[in-house]
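Q: For the record, the sequence lines run as chains A and B.
Quick note on numbering: the first sequence equals residues 1 to 343 in the numbering used here.
Quick note on numbering: the second sequence equals residues 1001 to 1528 in the numbering used here.
We put the CB at the ideal spot given by N, CA and C, even for glycine.
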Amino acid sequence: MIGRGSHMPNMVTPGSWIKPFPQGIYVEPGDFWIDPSAPVDRALVTHGHADHARSGHKAVMATSGTLAIMAVRYGEAGVTQVADYGTQQRVGDVDVRFVPAGHVLGSAQIVLEHQGERVVVSGDYKRRPDPTCAPFEPVPCDIFVTEATFGLPVFRHPDTVDEIAKALATLADNPDRCVLIGAYALGKAQRVIMELRAAGHDAPIYLHGAMQKLCDLYREFGCDLGDLRPVTAQNKADLRGAIILCPPSALNDRWARALPDPVTAMASGWMRIRQRARQRNVELPLILSDHADWDELTQTIRQVDPGEVWITHGREDALLRWCALHQRRARALDLVGREDEDD
Amino acid sequence: MRRFSDLIDRLVYTRSRNAKVKLIADYLRATPDPDRGWALASLTGQLDLAAVKPALVKALIEERVDPELFRMSRNYVGDLAETCSLLWPEPPGRPTPVVVPPLGEVVETLKALPRGQGAATMTTLMDRLDVPGRYALIKLATGALRIGISARLAKTAFAQAFDVDVEEVEEIWHGLVPPYLPLFQWGEGHIERPRYDDIPVFRPFMLAHPLEDGAVDLTDYAAEWKWDGIRVQIARAGGETRLFSRTGDDITNSFPEVAEAMPIDAVLDGELLVRGTAQGNSAASFNALQQRLGRKAVSGAMLRDFPAFVRLYDVLYDGAQDLRGQPWTERRERLEAMMARLPGERFDLSGLIVAGDFAQLAALREGARDASIEGLMLKRRDSLYSAGRKVGLWYKWKRDPLVVDCVMMYAQRGSGKRSSFYSDYTFGCWSEDGTLLPVGKAYSGFTDAELKMLDGFVRNNTVAKFGPVREVTKSLVLEVAFDSVHRSKRHKSGVAMRFPRISRIRTDKPAEEADTLETLAKLITDPV
Ligand SMILES: [Zn+2]
Ligand SMILES: [Zn+2]
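1. Do you know offhand how far A/V231's Cα is from B/E1432's?
2. Using the Cα positions of B/T1435 and B/K1474, report the straight-line distance between them to the nearest angstrom.
3. If B/P1510 sits next to B/S1150, beta carbons under 8 Å apart, how far is it from one beta carbon to the other, in whole angstroms?
4. Could you say which of B/A1025, B/L1451, B/A1112 and B/L1289 lies nearest to B/F1306 if we only look at CA atoms?
5. Put B/A1051 into one of helix, strand or coil per three-state DSSP.
6. Roughly how many angstroms lie between the CA atoms of B/L1243 and B/G1356, to the nearest whole one?
7. Please report the Cβ distance between A/I311 and A/A292, rounded to the nearest whole angstrom; I am assuming they are in contact, meaning their Cβ atoms lie under 8 Å.
8. What whole-angstrom Cβ distance do B/G1388 and B/V1407 have, given they're in contact under 8 Å?
9. Does the distance from the C-beta atom of A/A332 to that of A/L152 stay below 8 Å?
10. Do B/V1012 and A/R274 have their CB atoms nearer than 8 Å?
11. Assuming B/P1114 and B/M1001 make a contact with CB atoms under 8 Å, what is their CB distance in whole Å?
12. If you drop the 5 nearest sequence neighbours on each side, which residues of the same chain put their C-beta closer than 7 Å to that of B/A1141?
13. Where does B/Y1196 fall in DSSP's three states?
14. If distances are taken between C-alpha atoms only, which option among A/S268, A/D238 and A/A277 comes closest to A/D261?
15. I'd like to know if A/E18 contacts chain B, where contact means its C-beta is closer than 8 Å to some C-beta of that chain.
16. Along the chain, where does the beta strand (DSSP E) containing A/C323 start, and where does it finish?
17. Relative to the alpha-carbon of B/R1271, which residue among B/L1028, B/R1311, B/L1352 and B/Q1185 has its alpha-carbon at the smallest distance?
18. Just the chain B side, please: which residues come within less than 7 Å of A/A318 by C-beta, in chain order?
19. Would you verify that the beta carbon of A/V179 is, or is not, closer than 8 Å to some beta carbon of chain B?
20. Does the Cβ-Cβ distance between A/A167 and A/A265 come in under 8 Å?
21. What separation, rounded to the nearest whole angstrom, lies between the Cα atoms of B/T1083 and B/A1136?
22. Go ahead and label B/M1339 buried or exposed: buried means 16 or more other beta carbons lie within 10 angstroms of its beta carbon, across all protein chains shown.
23. Is the closest heavy atom of ligand 2 to the C-beta of A/E147 under 7 Å?
24. Under 7 Å Cβ to Cβ from B/L1103, same chain only, skipping five residues before and after it: list those, please.
25. Can you find at least 3 beta carbon pairs, one from the region 182-200 of chain A and one from the region 213-230 of chain A, that sit closer than 8 Å?
26. Hey, could you find the ends of the alpha helix (DSSP H) B/R1365 is sitting in?
27. Closer than 5 Å is what we want: which residues have a beta carbon that near any heavy atom of ligand 1? List them in chain order.
28. Can you check DSSP and say which residues form a bridge with B/D1265?
29. Give me the Cβ distance between A/V94 and A/Q109, rounded to the nearest whole Å; I'm assuming they're in contact under 8 Å.
30. For A/D202, verify whether its CB is less than 7 Å away from any heavy atom of ligand 2.
31. Note down, in chain order, each residue of its chain lying with its Cβ closer than 6 Å to the Cβ of B/Y986, except the 5 sequence neighbours on either side.
32. Can you tell me whether B/D1127 sits near ligand 2, meaning its C-beta is under 7 Å from at least one heavy atom of the ligand?
33. Assign A/L325 to one of two classes, buried (16 or more other C-beta atoms within 10 Å of its C-beta) or exposed (fewer than that).
34. Check whether the Cβ of A/D293 lies closer than 7 Å to any heavy atom of ligand 2, and answer yes or no.
35. Alpha helix (DSSP H) containing B/S1042: first to last residue?
36. Can you list, in chain order, the stretches of the alpha helix (DSSP H) that have 4 or more residues and sit fully within the region 1084-1119 of chain B?
As structure tokens, this is what we get:
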């Protein structure tokens, strides 16, 4: 394989100051971790999803959105430091800058510079518009540390508008039923609500109890989610013709049984594959993801044009293969605990 | 094509039978000819194009996508058509929204496909379709569109769509060819129901209810043995003979000796059984008949070792005369009179049982040890031959009450010697809302030959794979015998069987007619 880095044979190995471990990425000259899966002294956190943001760190640096999400989920943390998008800060011997990743509220790529080398850790990201968060900004770099959740060429997410239209058409076709949409409580749920509102659905949307706090938080950050109401034991049976959102785990749960004949839907990139949808007993698959699809992943790599691609989690084999076919140097990092089954 | 691919997509995700019927009915009402006819043909298994080999599809995709990336994708997705539908690159400069060709045009194109032209035609079509369209196209073109819908369910949907009786649909079904224009004209009320008097068509069977409790008065009811074969209808018209199974499937080619022996134009109802020297010249049990079922071509050895005949018990037509409006006693007389015109080697008459009273009949039933006897039939003497299952007319009274007909849902590989076979089967019964719920699991009761057959069925009818488990189309009825059945909180169905085993493979029975949970629950003897 011809690597693009081969024109600098006298330099030390690129990115040798970045140490990937199964439990996260350690940045030696700054003495901090990025998205560690176990408690550490100093963590930089890309975004609030549980597989990236854990509790128990002594000090955390993240965007205000991510810190707020962590506070809702884990209560008061140790020392926190806000990283504003685009503002450079020095941590130890490393210049650090948080840049929007377009994944969920507060999500960031972390740009690291040390001794003239720039490394971008993408965290999770997507490229298509999301009314709940700032759009991804491509940053050219020497090493691009990317996710690959949907890193197979079969994953091409369709237009969001069409998927939302599918949900609304189903609702209109089934006035005696309700449409129960399973959606990740952080990010996906609020995005689905915003997209429904944008498509003209003004009716109250009902929420499973687990979604309430994060929706309130999104509101504080300026998302107008419209009329949201809790599903209660009293109104449960009377939600015909309504859209209800719940976490994916509640879809086939006892909780859903008392609802009026729900059309079981799920908003996830995995819904692209029939088998995945059937495993979940989903009747209405909505292909809506907060992760980059195959085209977005490869387009982003072309755009930031790194000397090396490092792949954190997902279907790394296929993305490695693509890099090889396009003469790009690439390696898989084998981070643990990063599979996103619901998104 | 978009409506069709949308229908296919939604059927995949719909579990309840009633919802499936509604989806198909809505489609048939809303879609113009000939598209809806072709769709109905594909749903009922009447459209076996197989115009293109899967290898061609694979070759086409590998011209467009790196073979290694294709391999990884296929491993992940599992299904070839689905993988290719997702991987196929959108042709540059295609107008949006995509102008998708209608189903009729796609079918005509595939039917007329000249030898060696598959690649060019498939490419053109693939370029004109979207993801669900490409999926449907590949499935149609390779003859692999299996979505677990039975022909009966599709006909029921037609009946619902146009508010006609499903038995009337059955009546003319075999006279029709896709895309069934007269069928839809009739459905929409533009023409009278088409008649097919000069060709042998299937007439819906009259069916029996299980006798649950109580006795019947033998002055009102006649008793016959219930034979352990398969129900069959022999129809001859215009000199041509057809054999139809319980499901209305044409099984003429599996039993040529019976069809060839039919000397007169008539429609007869009876039990297909095997009787030869190897069987001691008397009717054998179902196991012997099993050797003959599901074969497309019949060898000379098969005909010699397992010769078939029909034990007749009813007549629907004598010549062109429809006898179905006459009471059973009249039809029975006609049948008895006809026997002289039928060759005894292939046709005999199912005798009537003479019993003084019901208690004596029950004793006869208990004492019956003949392997070819499954129990008793009780037929109301004044019953007209009416399609389907009408209350109070015919009863079946099986010998062993702890048997239910279930539908295979999942299969799992066995262990040890059987590890290459799908030998563990999960089966279900119908719930009230028309969903199939698993009621048990069995891995015994079948012969080695039956295991092979079951294994083949699983492999050819897989709709999904989860590790070692395969989900199959809900189409194969398994008669399950068991010692007792109990209430269970651990099972979604609420029941659990004790020592279930497969007692018979009912290829002759449509899945919708498998037993309901309610029937199974009635066999529970536990105190509440
Ligand atoms: Zn995430
Ligand atoms: Zn993640």
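A: On the basis of the supplied data:
1. 28 Å
2. 11 Å
3. 6 Å
4. B/L1289
5. coil
6. 37 Å
7. Between A/A292 and A/I311 the Cβ distance is about 12 Å, and since that is not below 8 Å, they are no contact.
8. Rounded, the Cβ-Cβ distance is 20 Å, inconsistent with contact.
9. no
10. yes
11. Going by Cβ atoms, the distance from B/P1114 to B/M1001 rounds to 21 Å, so no, they are not a contact pair.
12. L1049, A1051, V1052, L1110 and M1122
13. coil
14. A/D238
15. The displayed chain sequence assigns Ile, not Glu, to residue 18 of chain A. It does not; no Cβ of chain B falls within 8 Å.
16. Careful: A/C323 lies outside any beta strand (DSSP E), inside the alpha helix (DSSP H) at E316 to L325.
17. In the sequence on display, residue 1271 of chain B carries Glu and not Arg. Of the listed residues, the one whose Cα sits closest to B/E1271 is B/R1311.
18. L1069 and M1072
19. no
20. yes
21. 12 Å
22. exposed
23. yes
24. M1001, F1004, D1035, W1038 and A1039
25. yes
26. F1358 to G1367
27. A/H49 and A/D124
28. None; B/D1265 has no bridge partner.
29. That pair is no contact at about 15 Å.
30. no
31. Because chain B here runs from 1001 to 1528, residue 986 of chain B falls outside it and cannot be looked at.
32. no
33. exposed
34. no
35. D1035 to L1043
36. 1103-1111
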